[in-house]
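A quick write-up on the structure given underneath.
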Amino acid sequence: MQVAQLAARIGAELVEGDGRIEIGSAFAGDRISDLLNRASDGALLITNLTGEQVLRVAELMEVPAICFCEGRCPDESCCAAARRCDKALVVSPAGLFETCGRIHACLGLGKEVIGGV
Amino acid sequence: MVCRASYPIAGGDFERAGSASRELKAVLKRLGVAAQAVRRAIIAAYEAEMNTVIYARQGRMELRIEPGRIRIDVVDEGPGIEDIGQAMHEGFSTAPAHVRQMGFGAGMGLPNIERNADELVIRSEPGQGTRVRFRIDIPAEDSASAIRSALEIRAGRCKQCMRCLHACPTGALRVRPTGPRVLEHLCIDCAACIEACPSGALALEAAGEEARADRLIAPAALLAQFPGLGAGQVIEALGELGYGQVLVLEPWERALREAVAEMAAGAQRTIICPTCPAAVRLIELRFPSLLPQLAPFDSPVEAAASCQAEPFDLAVCCPAQRSAAERRGTETLARMRPVDDLQRALLPLLAKLPAGGAAERRCDETAPHARPADGGPQTTPAHRGAAERRCDETAPHTRPADGGPQTTPAHLGPAERRCDETAPHTRPADGGPLTTPAARPGWLEVTGMRHAIAVLEQLEDGLLGPFEVVEPLLCDLGCAGSPLFRQDAHLGAQGPELAGGLIDESAQASPCAPRKALPGLRLDADMAAAVDKLGRIDELARRLPGRDCAMCGAPSCALLAEDVVLGREDTGACPHLDTDEEGLP
Numbered sequence: 001m002q003v004a005q006l007a008a009r010i011g012a013e014l015v016e017g018d019g020r021i022e023i024g025s026a027f028a029g030d031r032i033s034d035l036l037n038r039a040s041d042g043a044l045l046i047t048n049l050t051g052e053q054v055l056r057v058a059e060l061m062e063v064p065a066i067c068f069c070e071g072r073c074p075d076e077s078c079c080a081a082a083r084r085c086d087k088a089l090v091v092s093p094a095g096l097f098e099t100c101g102r103i104h105a106c107l108g109l110g111k112e113v114i115g116g117v
Numbered sequence: 118m119v120c121r122a123s124y125p126i127a128g129g130d131f132e133r134a135g136s137a138s139r140e141l142k143a144v145l146k147r148l149g150v151a152a153q154a155v156r157r158a159i160i161a162a163y164e165a166e167m168n169t170v171i172y173a174r175q176g177r178m179e180l181r182i183e184p185g186r187i188r189i190d191v192v193d194e195g196p197g198i199e200d201i202g203q204a205m206h207e208g209f210s211t212a213p214a215h216v217r218q219m220g221f222g223a224g225m226g227l228p229n230i231e232r233n234a235d236e237l238v239i240r241s242e243p244g245q246g247t248r249v250r251f252r253i254d255i256p257a258e259d260s261a262s263a264i265r266s267a268l269e270i271r272a273g274r275c276k277q278c279m280r281c282l283h284a285c286p287t288g289a290l291r292v293r294p295t296g297p298r299v300l301e302h303l304c305i306d307c308a309a310c311i312e313a314c315p316s317g318a319l320a321l322e323a324a325g326e327e328a329r330a331d332r333l334i335a336p337a338a339l340l341a342q343f344p345g346l347g348a349g350q351v352i353e354a355l356g357e358l359g360y361g362q363v364l365v366l367e368p369w370e371r372a373l374r375e376a377v378a379e380m381a382a383g384a385q386r387t388i389i390c391p392t393c394p395a396a397v398r399l400i401e402l403r404f405p406s407l408l409p410q411l412a413p414f415d416s417p418v419e420a421a422a423s424c425q426a427e428p429f430d431l432a433v434c435c436p437a438q439r440s441a442a443e444r445r446g447t448e449t450l451a452r453m454r455p456v457d458d459l460q461r462a463l464l465p466l467l468a469k470l471p472a473g474g475a476a477e478r479r480c481d482e483t484a485p486h487a488r489p490a491d492g493g494p495q496t497t498p499a500h501r502g503a504a505e506r507r508c509d510e511t512a513p514h515t516r517p518a519d520g521g522p523q524t525t526p527a528h529l530g531p532a533e534r535r536c537d538e539t540a541p542h543t544r545p546a547d548g549g550p551l552t553t554p555a556a557r558p559g560w561l562e563v564t565g566m567r568h569a570i571a572v573l574e575q576l577e578d579g580l581l582g583p584f585e586v587v588e589p590l591l592c593d594l595g596c597a598g599s600p601l602f603r604q605d606a607h608l609g610a611q612g613p614e615l616a617g618g619l620i621d622e623s624a625q626a627s628p629c630a631p632r633k634a635l636p637g638l639r640l641d642a643d644m645a646a647a648v649d650k651l652g653r654i655d656e657l658a659r660r661l662p663g664r665d666c667a668m669c670g671a672p673s674c675a676l677l678a679e680d681v682v683l684g685r686e687d688t689g690a691c692p693h694l695d696t697d698e699e700g701l702p
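Protein sequence lines, in the order shown, are assigned to chains A and B. Following the numbering used here, the numbering of the first sequence begins with 1 at its first residue and continues without gaps. Following the numbering used here, the numbering of the second sequence begins with 118 at its first residue and continues without gaps.
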């Protein structure tokens, strides 16, 4: 599913990046170490962290899109970093748990969705 | 082929944090390292980099890419780690709150490095900083092209005698009008071709120009190369060459054998002892089905090289020792010196010494007992080879009362020459003569290329008897039989009397990741294509005269056929074949 489509379905907003990026699975976590280990290509990273370091992890692990929770908007430097490395940024108004649940439903059961935290 | 790079890391700079890992990733990708290895390297590197950013003033990430391995060192000037064991515990962290808020400092960093690396070594002193060193193995398929032989070819000396072609156990050599050529993906870095070459066209790559260290690690056989001179005199001469301290390799050999014996005791199958790095390469290339039986330990030369904190030089007696130590990539290794090179340097120094050091030699101690009054030549130990003589220490118990010639060790074939039940007693508690092989019940030491291959073939076919351990050593009688030594294998294997200063009491076996098959013999990565090629090779081989004359420069007609089908040669190379013949490619 395309990231823009997914964002619309879960009531989130695409704030940065190309909405056509294809998302096959998702994973969530609030610890960088967990994110590093769970990252996989074509996955959406869902987190409570904001900061530029999440972008760095996405870049290193080739994760194409990040979803921030609780309506926390990434700051300008974070958006600039996302533009630089072609990542899509999504902001969900819901909390981490609720966001994961909505995305889980959208991507369909049977898909590999790794919940965290 | 070794590629190095170094990246600075600024402590406390969270803006730029991760940039060293990012550069590392770019380099690895450019080099075409497999994605899975890149991923593991990056996770481990990023964790180590973040530790430096969080805790240290500054540091650097050092990268070293070698055939088959990525080695990364992250060195910092930080507070050091008080208790490394505790730090390795998941969840243990000393990170401040603001760092934790960013998602770091969850006490997962070091365990995460350990999970992703094939080897992790942490050195840290409180107040002195920390060095995190880890290794990522690149799967064999991906590194095969990067494997490099440590053999040096001096083409000008080649007389085109073709002896090396027949000596090579893996068909890795070709002789062209311009001299010998090594097919590096097939070379196991043994010394068979060096031994076969009468003109010195094949040699062990000479030492580099780097500075020499005070410490030399060498096989004990080096000390037994000069007839009439004792180990003490050789050590003295090594001192004149600048080596203040000489350590022999044998304690690491013994530690390895102890570890392998322990492992074999609980094993269902015969375990292979990886003493000889060339034998390890032979198994990786030619006997991959035996890899699960190969004990996962470094060879003694790698184990010795990897535990040296001070700079040292390493005396190597075959290309495989050299490439094994090179792959290990030890930072303190100043220089590798082929033993022939060392002997040449020692000769003029030793020539000045008065002879008569023979009293120091070990064989003299046993001589009064060994030589019978009647001097009967057939039965004196002095007339037997070193392998038998080692068993002889227990001989009084093992020889049958009737002395039947069929059962005396001297009359047994090499495969049966293992020491028997009483053998464990031959290893003195005081660490006595270290050249004694691991003589244990069920331990088969097999030396020499021909014998090692025969035994490995039997082991592969399930025909080998109930041995707990097989220890293949490709040179005759082990490293003492290296063609780089001046002295005959039997004399070199006698070993000198080893003084305490030569022995590192702390020598330990060094575990390594399970070894992986080398795909060198594979005709094609794609099975269907390989089958097709095999058919074409067979067909062409049938048309070749089958004389295996080697005039084409390949060791046999079958290998010329393979060269042709794989595009390494054309059929015109065969002087006996009319290339106009119908149906030839």
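Beta carbons are placed, not taken as given, at the ideal position from N, Cα and C, and that holds for glycine. Every value quoted in this text rests on a predicted model; they were computed, and no experiment measured them.
(1) Under 7 Å Cβ to Cβ from GLU167(B), same chain only, skipping five residues before and after it: list those, please.
(2) Should ASP680(B) go down as buried or exposed, given a rule of 16 or more other Cβ atoms within 10 Å for buried?
(3) Taking only the alpha-carbon atoms, compute the straight-line gap between HIS283(B) and GLY349(B) and give it to the nearest angstrom.
(4) Give a yes or no on whether 8 Å exceeds the smallest Cβ distance from GLU52(A) to chain B.
(5) Examine chain B for any beta-carbon lying closer than 8 Å to the beta-carbon of LEU36(A), and answer yes or no.
(6) Would a C-beta distance cut-off of 8 Å place ASP306(B) and ALA267(B) closer than the cut-off?
(7) Would you check if the distance between the CB atom of VAL299(B) and the CB atom of CYS275(B) is smaller than 8 Å?
(8) Which residues mark the beginning and the end of the beta strand (DSSP E) in which GLU59(A) is found?
(9) Starting from the beta carbon of ILE160(B), find every residue of chain A whose beta carbon is closer than 9 Å, and list them in chain order.
(10) Give a yes or no on whether the C-beta atoms belonging to VAL377(B) and VAL586(B) are separated by under 8 Å.
(11) Consult DSSP for MET566(B) and reduce its assignment to one of helix, strand or coil.
(12) Would you say the beta carbon of PRO405(B) is closer than 7 Å to some non-hydrogen atom of the ligand SAH?
(13) Could you work out which residues of chain A lie near GLU132(B), taking near to mean beta carbons separated by less than 9 Å?
(14) Could you give the residue range of the alpha helix (DSSP H) that holds GLY349(B)?
(15) Does DSSP put CYS424(B) in a helix, a strand or coil?
(16) Please determine, among THR50(A), VAL63(A) and ALA81(A), the residue with the shortest C-alpha to C-alpha distance to LYS70(A).
(17) Determine, for ALA532(B), whether the minimum Cβ-Cβ distance to residues of chain A falls below 8 Å.
(18) Which chain B residues sit within Cβ distance under 7 Å of LEU45(A)?
(19) Which residues does DSSP list as the beta-bridge partners of CYS393(B)?
(20) Given a cut-off of 8 Å, decide if CYS310(B) and CYS278(B) are closer than it, judged by their beta-carbon atoms.
(21) Identify the contact partners of ASP30(A) in chain B, using a Cβ-Cβ distance below 9 Å as the criterion.
(22) Who are ARG121(B)'s beta bridge partners in DSSP?
(23) Any contact of the segment 397-410 of chain B with the segment 353-365 of chain B, i.e. 3+ C-beta pairs under 8 Å?
(24) Is the beta carbon of GLN342(B) sitting closer than 8 Å to the one on GLN604(B)?
(25) Would a C-beta distance cut-off of 8 Å place THR47(A) and ILE66(A) closer than the cut-off?
(26) Give me the Cα-Cα distance between THR511(B) and ARG557(B), rounded to the nearest whole angstrom.
(27) With a 10 Å radius around its C-beta and 16 neighbouring C-beta atoms as the bar for buried, classify SER77(A) as buried or exposed.
(28) By the 10 Å Cβ neighbour count, where 16 or more other Cβ atoms means buried, how is HIS693(B) classified, buried or exposed?
(29) With DSSP as the reference, identify every bridge partner of THR99(A), one or two as the case may be.
(30) Rank ALA137(B), GLY652(B), ALA395(B) and ASP641(B) by C-alpha distance to the C-alpha of ILE159(B) and give the top, closest one.
(31) Given a threshold of 16 other Cβ atoms within 10 Å of its Cβ, counted over all protein chains shown, does ILE230(B) qualify as buried or as exposed?
(32) State buried or exposed for GLY244(B), treating a residue as buried only when at least 16 other CB atoms are found within 10 Å of its CB.
(33) Hey, LEU346(B) and LEU470(B): beta-carbon distance below 8 Å or not?
(34) Pick out whichever of GLN5(A), GLU52(A), PHE97(A) and ARG56(A) has its Cα sitting closest to the Cα of ASP75(A).
(35) Is ASP458(B) helix, strand or coil by DSSP?
(36) Considering only residues of the same chain and omitting the five flanking positions on each side of VAL649(B), which have a CB-CB separation below 7 Å?
The answer reads as follows:
(1) As written in the sequence, residue 167(B) is Met, which differs from the Glu given in the question. Correct list, in chain order: ALA134, PHE221 and GLY226.
(2) With a 10 Å radius around the Cβ and a threshold of 16 neighbouring Cβ atoms, ASP680(B) comes out buried.
(3) When the Cα atoms are used, HIS283(B) and GLY349(B) turn out to be separated by approximately 40 Å.
(4) At a cut-off of 8 Å, the C-beta of GLU52(A) has a neighbouring C-beta in chain B.
(5) Yes - at least one Cβ of chain B is within 8 Å of the one on LEU36(A).
(6) For ASP306(B) and ALA267(B), yes; Cβs fall inside 8 Å.
(7) Between VAL299(B) and CYS275(B), the gap from beta carbon to beta carbon reaches 8 Å or more.
(8) Segment 51-61 is the alpha helix (DSSP H) holding GLU59(A); no beta strand (DSSP E) there.
(9) Within 9 Å of the CB of ILE160(B), the CB atoms of chain A belong to SER33, LEU36, ASN37, ALA39, LEU60 and MET61, in sequence order along the chain.
(10) Cβ distance < 8 Å, so VAL377(B) and VAL586(B) count as in contact.
(11) If DSSP states are grouped into helix, strand and coil, MET566(B) belongs with the helices.
(12) With respect to the ligand SAH, the structure offers nothing, as it holds no ligand at all.
(13) Contact annotation for GLU132(B) against chain A: GLU52 and SER77 [CB-CB distance below 9 Å, chain order].
(14) First-last of the alpha helix (DSSP H) with GLY349(B): 348-357.
(15) Shown here, CYS424(B) sits in coil according to DSSP, grouped into three states, outside any helix or strand.
(16) The sequence given here has Glu at residue 70(A), not Lys. Closest option to GLU70(A), Cα to Cα, is THR50(A).
(17) Low local confidence applies: a pLDDT of 37 at ALA532(B) is under 50, so the model's placement there is unreliable, and no value is given.
(18) Among the residues of chain B, none has a CB under 7 Å from the CB of LEU45(A); the nearest is roughly 11 Å distant.
(19) Paired residue(s): none; CYS393(B) is not in a bridge.
(20) Against a cut-off of 8 Å, the Cβ pair of CYS310(B) and CYS278(B) comes out as no contact.
(21) Chain B residues near ASP30(A): GLY220 and ALA223.
(22) Bridge partners of ARG121(B) according to DSSP: ARG181(B).
(23) Contact annotation: the segment 397-410 of chain B does not touch the segment 353-365 of chain B, with fewer than three C-beta pairs closer than 8 Å.
(24) Result yes, Cβ atoms of GLN342(B) and GLN604(B) sit closer than 8 Å.
(25) Going by beta carbons, THR47(A) and ILE66(A) fall inside the 8 Å limit.
(26) Low confidence applies here, because THR511(B) scores a pLDDT of 38, under 50, leaving its location unreliable and the question unanswered by this model.
(27) Answer is exposed; the Cβ neighbour count stays below 16.
(28) Exposed, by the Cβ-count rule.
(29) As DSSP reads the structure, THR99(A) sits in no beta bridge.
(30) The shortest C-alpha separation from ILE159(B) is found at ALA137(B).
(31) It counts as buried.
(32) Flag for GLY244(B) reads exposed.
(33) A contact, by the Cβ cut-off of 8 Å.
(34) Comparing Cα positions, the closest option is GLU52(A).
(35) ASP458(B) falls in the helix class under three-state DSSP.
(36) It is worth fixing the name first, because residue 649(B) is Asp in this sequence and not Val. Cβ within range, chain order: n/a, list empty.
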